[in-house]
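Asks:
There are 2 protein chains.
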Amino acid sequence: MTQSFTSSLAPTSLTPLAIGIDVGGTGTKFGIVDRNGNILFSGEISTRGHDEVESFIDELHRVLYSLIQKAGGPGRIIGIGLGAPNGNYYSGTIEYAPNLPWKGIIPLAKLVEDKFKLPVILTNDANAAAIGENMYGAAKGMKDFIMITLGTGVGSGIVANGKLIYGHDGFAGELGHTITIPNGRLHTGTGKFGSLESYASATGVRLTALEMLNNSSEESLLRNTPPENIDSKVVYEAAIQGDKLAKEIFEFTGKILGLALANFVMFSSPEAIILFGGLTKAGDLILKPTQENMEANLIQVFQNKVKILVSHLKEADAAILGASALVWDMKTS
Amino acid sequence: MTQSFTSSLAPTSLTPLAIGIDVGGTGTKFGIVDRNGNILFSGEISTRGHDEVESFIDELHRVLYSLIQKAGGPGRIIGIGLGAPNGNYYSGTIEYAPNLPWKGIIPLAKLVEDKFKLPVILTNDANAAAIGENMYGAAKGMKDFIMITLGTGVGSGIVANGKLIYGHDGFAGELGHTITIPNGRLHTGTGKFGSLESYASATGVRLTALEMLNNSSEESLLRNTPPENIDSKVVYEAAIQGDKLAKEIFEFTGKILGLALANFVMFSSPEAIILFGGLTKAGDLILKPTQENMEANLIQVFQNKVKILVSHLKEADAAILGASALVWDMKTS
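Heads up: the protein sequence lines correspond to chains A and B, in order. Its first residue numbered 3, the first sequence is counted upward by one per residue in the working numbering. Its first residue numbered 3, the second sequence is counted upward by one per residue in the working numbering.
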């Protein structure tokens, strides 16, 4: 990989840097990261605003390139790591991502590589977050853990025997789509019924709230908010004011999450499960029923062993750091 | 490892052999195996007949030692591999195995080692079967697959990135205990509700048959058999004679198994799932609904990719071969 050097700084006088990019359904965040996990420069562009992937790449290049210049020019960057929903590590493509504006199979790694003229490596966004937690966060040094991201959707990255599980085709770790409640709630993105994501995501919490408000006549602060504005944040704010129904919504969500986690534990027996993302802000409102129902569904040999940890990395940092960590791996292996 | 040599044959003139032992709930099978997976001598003793593990070890030694003599004496044996339910690879113990007569934590590897004066390595019985399939059977050469044993219970061994998943404590791969139908059928051995094993095992098929016979007044050949004698074999025989209710029992069982398999696929994205054990004898009666309901519950990226294969190794051979393969690994690594 030869690169023309466009900065006035001599490359040999500077430590190399990697770029980590976290492509999300709403926005895309990126950072220029050093070997120790310090994010030196960072920025964000809209994902949703680009109906075509080409215009997305154009804006990404324009905004990120100015950061690259500030960081000493492209000669200092050894590569770009990308985390993206439905990203495939083996092929560098995004395939049928229900939460992205671009449909079908998108060769994202190649598009970025062609635009930036830098080596690019791509993985699933939750896998990137798992690598970030493993190198710099709550899963530091662990050889067996599961990362669960609880955002608009539910993502996951699974590490066993010290390695990410990619599966035979690069798509392993879609735990948000496992069926937790057979014949349960419809997931409109996949057409499947009762997946974990249809309950234990921000979207799921909103749907649970609407259902519970509909099915009871109980007094609730939530009734002061028009249904179209009810989201997990509104439910959280009602819950911390002591609203009974709001607390029940998190209790219900946590129970389903706990049941799912029990099943994951009996699969790969991780040392810890790292939870990350918006829903974890509800703290014990969701974590307590999660932990309790996980334990209740575990057979004896697994009980009281598995830690449920909440990520302490700043929102998006885990994924940016993890994506950048892919680059160090790429260059050293 | 020094061994006194008790046979008249010189050890150097003969290829080394390994012993594989499959400890089951009813019987314990064993074989003396060469490096190519040929079982040269084999035998079986009762497990259930021994309330105390010491008397089990005594009988195992007595019967197996005569085979060792036939095979050229202990000097030719490089070690013993054990597969056992709830077996722990790291500690060499069996822990709280609901299907074995010995309760609590049993240091089985140490007991066998002390008795035979040979190096011993132990793993979960289904993990042993997975290794056997990987070396000599349907999963030959695969780096990502899941082995499911459908016998009295449901066991599993998971291989990802070319390695068995043991988890942080050695207990990974208890897929039979994952909850497939929340609040479903009670598993009397674990006290949990709705586990895969409570439906997709020989025991589960019997319970489904009794439930269906009870809940309908439909004509069925199964009504000619006293309830206490109904088992998966009786149901199979009725089904191949065209009995509608018997076919529905396998259909129901296959659907639940298929749902569970979909969840496993979305976890580790294996190239294939290898099914093994008594229930697979029902062939398409169970495999067709299994395959169909697996596909129906998979999100798009996983559909029409994962092979469901039935083991072609003789009953118990996979586990004996796999247990013996542990020995080769032990000696070469």
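Glycine included, C-beta positions come from ideal geometry on N, C-alpha and C.
(1) Does any residue of chain B bring its CB to less than 7 Å from the CB of residue 173 (chain A)?
(2) Does the segment 247 to 256 of chain A touch the segment 123 to 142 of chain A, meaning 3 or more C-beta pairs lie closer than 8 Å?
(3) Rank B:304, B:166, B:302 and B:248 by C-alpha distance to the C-alpha of residue 237 (chain B) and give the top, closest one.
(4) Return the chain-ordered list of same chain residues with a C-beta closer than 7 Å to the C-beta of residue 232 (chain A), the five sequence neighbours on each side being excluded.
(5) Applying a beta-carbon distance threshold of less than 9 Å, which residues of chain A neighbour residue 303 (chain B)?
(6) Buried or exposed, going by whether 16 or more other CB atoms sit within 10 Å of the CB of residue 168 (chain B)?
(7) Using only alpha-carbon positions, find the residue among A:299, A:241 and A:57 that is nearest to residue 288 (chain A).
(8) Is the distance from the Cβ of residue 199 (chain A) to the Cβ of residue 175 (chain A) below 7 Å?
(9) Compare the C-beta of residue 254 (chain B) with all C-beta atoms of chain A and state if any pair is closer than 7 Å.
(10) Of all the CB atoms in chain B, is at least one closer than 7 Å to the CB of residue 162 (chain A)?
(11) At least one CB of chain B closer than 7 Å to the CB of residue 165 (chain A): is that the case?
(12) Roughly how many whole angstroms lie between the Cα atoms of residue 20 (chain A) and residue 259 (chain B)?
(13) Quick check: the segment 107 to 120 of chain A against the segment 88 to 98 of chain A, are at least 3 beta-carbon pairs closer than 8 Å?
(14) What did DSSP end up calling residue 321 (chain B) once you bin it into helix, strand or coil?
(15) Are the CB atoms of residue 83 (chain B) and residue 325 (chain B) within a distance shorter than 7 Å?
(16) State buried or exposed for residue 138 (chain B), treating a residue as buried only when at least 16 other CB atoms are found within 10 Å of its CB.
(17) Can you pull the chain B neighbours of residue 16 (chain A), defined as C-beta to C-beta under 8 Å?
(18) Of the choices A:162, A:182 and A:69, whose alpha-carbon is the least far from that of residue 43 (chain A)?
(19) Within a Cβ cutoff of 7 Å, which residues of the same chain sit near residue 45 (chain B), ignoring the five residues on either side of it in sequence?
(20) Kindly list the residues whose CB is nearer than 6 Å to the CB of residue 92 (chain B), restricted to its own chain and excluding five residues on each side of it in sequence; keep chain order.
(21) Can you check the segment 223 to 290 of chain B for any alpha helix (DSSP H) of at least 4 residues that lies completely inside it and give the ranges in chain order?
(22) Residues of the segment 39 to 67 of chain B with a CB closer than 7 Å to any CB of chain A: list them in chain order, please.
(23) Compare the C-beta of residue 149 (chain A) against all C-beta atoms of chain B and say whether one is closer than 7 Å.
(24) So if I threshold CB-CB distances at 8 Å, which residues from the segment 262 to 275 of chain A count as touching chain B?
(25) Taking the alpha helix (DSSP H) that residue 135 (chain A) belongs to, which residues open and close that run?
(26) Please decide whether residue 232 (chain B) counts as near chain A, where near means a Cβ-Cβ distance under 7 Å.
(27) Would you kindly work out how many angstroms separate the C-alpha atoms of residue 281 (chain B) and residue 234 (chain B), rounded to a whole number?
(28) Out of A:89, A:118 and A:116, which has the shortest C-alpha to C-alpha gap to residue 104 (chain A)?
(29) Within 7 Å of any Cβ in chain A, is that where the Cβ of residue 335 (chain B) sits?
(30) With a threshold of 16 other CB atoms inside 10 Å of the CB of residue 190 (chain B), please say whether the residue is buried or exposed.
(31) Shorter than 7 Å from the beta carbon of residue 331 (chain B) to some beta carbon of chain A?
(32) Can you check DSSP and say which residues form a bridge with residue 161 (chain A)?
(33) Mapping the DSSP letters down to three states, classify residue 69 (chain A) as helix, strand or coil.
(34) Spell out the partners DSSP gives residue 45 (chain A) in its beta bridges.
Replies: Result, derived from the coordinates:
(1) Residue 173 (chain A) counts as touching chain B.
(2) no
(3) Cα-wise, what sits closest to residue 237 (chain B) is B:248.
(4) 208, 211, 212 and 224
(5) 88, 90, 97, 98, 171, 173 and 176
(6) buried
(7) A:241
(8) no
(9) no
(10) Proximity of residue 162 (chain A) to chain B, defined by a Cβ-Cβ separation below 7 Å, is satisfied.
(11) yes
(12) 45 Å
(13) yes
(14) helix
(15) yes
(16) buried
(17) Here the premise fails: no neighbours, minimum Cβ distance about 35 Å.
(18) A:69
(19) Same-chain partners within the cutoff: 32, 65, 66 and 69.
(20) Same-chain partners within the cutoff: 172.
(21) You should have 234 to 242 and 246 to 270.
(22) Within the segment 39 to 67 of chain B, no residue has a Cβ that lies closer than 7 Å to any Cβ of chain A.
(23) no
(24) 264, 265, 266, 268, 269, 270, 271, 272 and 273
(25) Note, residue 135 (chain A): alpha helix (DSSP H), 127 to 138.
(26) Under the Cβ distance rule, residue 232 (chain B) does not count among the residues neighbouring chain A, no pair being separated by less than 7 Å.
(27) 7 Å
(28) Nearest in C-alpha terms to residue 104 (chain A), of all of A:89, A:118 and A:116, is A:89.
(29) For residue 335 (chain B), the pLDDT reaches just 40, beneath the cut-off of 50, and the residue's location in the model is therefore unreliable, although a value from the coordinates is still provided. Chain A contact via Cβ: absent.
(30) Burial call: exposed.
(31) no
(32) A:147 and A:166
(33) Shown here, residue 69 (chain A) sits in a helix according to DSSP, grouped into three states.
(34) DSSP output for residue 45 (chain A) lists A:32 as bridge partner(s).
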